[in-house]
Amino acid sequence: MATYGVNMASIIVVSGNQQGEYLPLGRRISVIGRGESLSLQILDDLVSRKHLRIYFNQTTSRYYAENMKSKHGVFINNCRITTETVLFDGDKILIGNTTLLFTENDFNDRESALCHYKKAGERKRETRTDA
1 MATYGVNMAS IIVVSGNQQG EYLPLGRRIS VIGRGESLSL QILDDLVSRK HLRIYFNQTT
61 SRYYAENMKS KHGVFINNCR ITTETVLFDG DKILIGNTTL LFTENDFNDR ESALCHYKKA
121 GERKRETRTD A
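Written out as structure tokens, the structure is:
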């Protein structure tokens with residue numbers, strides 16, 4: 001039985017050698033790293049072969065990120081994670097010198113993903129002025 005109206009999430013590579021690539025996450029386990037056979041291969045010398053695991057938990061209906069014992073760690077919004085961590089829309093994930101954007105949106109193609117990233121970046125450009 002298909003589930004309709006449930007958004008799937010995606011990862012968009014926003015900096016690094018694969019900038020502009022995206023990975024629809026679906027409801028499966030996705031492993032990200034340098035390994036050729038992975039869901040998303042990151043060509044970055046500071047990224048382990050199996051660096052990061054992202055999965056959907058059916059019970060909580062949330063996506064989680066987990067460091068796979070990588071040498072250089074996983075950072076979400078500039079904080080190193082040491083246990084499985086809930087992902088929220090707009091989270092920035094740093095592995096090696098590569099930044100990934102987690103979004104609770106699914107895209108039909110690369111152009112749609114990049115358009116979403118550019119619009120998300122525009123929303124975050126707030127300027128605070130002290131009078």
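Note that this note's numbering gives residue 54 to position 54 of the sequence shown, counting from 1, and the numbers run on in steps of one.
Glycine included, every Cβ here is placed at the ideal spot set by N, Cα and C.
At the C-beta level, leucine 101 and isoleucine 11 come within 9 Å of one another. Of all alpha-carbon atoms in Ser61, Thr85 and Arg49, the one lying nearest the alpha-carbon of histidine 72 is that of Arg49. Of Leu52, Thr83 and Gln18, the smallest CA-CA separation from methionine 68 is found for Leu52. An exposed status is given to serine 61, since fewer than 16 other beta-carbon atoms sit within 10 Å of its beta-carbon. Between the alpha carbons of valine 31 and threonine 98 lies a gap of roughly 15 Å. Counting along the chain, the unbroken beta strand (DSSP E) around phenylalanine 56 starts and ends at 52-57. Here the alpha carbon of glutamine 18 sits roughly 10 Å from the alpha carbon of leucine 40.
Counting the other Cβ atoms within 10 Å of the Cβ of leucine 43 gives fewer than 16, which makes it exposed.
Residue environment analysis places isoleucine 54 among the buried positions, since at least 16 neighbouring C-beta atoms fall within 10 angstroms of its C-beta. If you look at glutamate 66, you'll find it in the beta strand (DSSP E) that goes 62-67. Pairing glutamate 66 with cysteine 79, the inter-Cα distance amounts to about 13 Å.
Membership of leucine 101 in the beta strand (DSSP E) is indicated by the continuous run 98-103.
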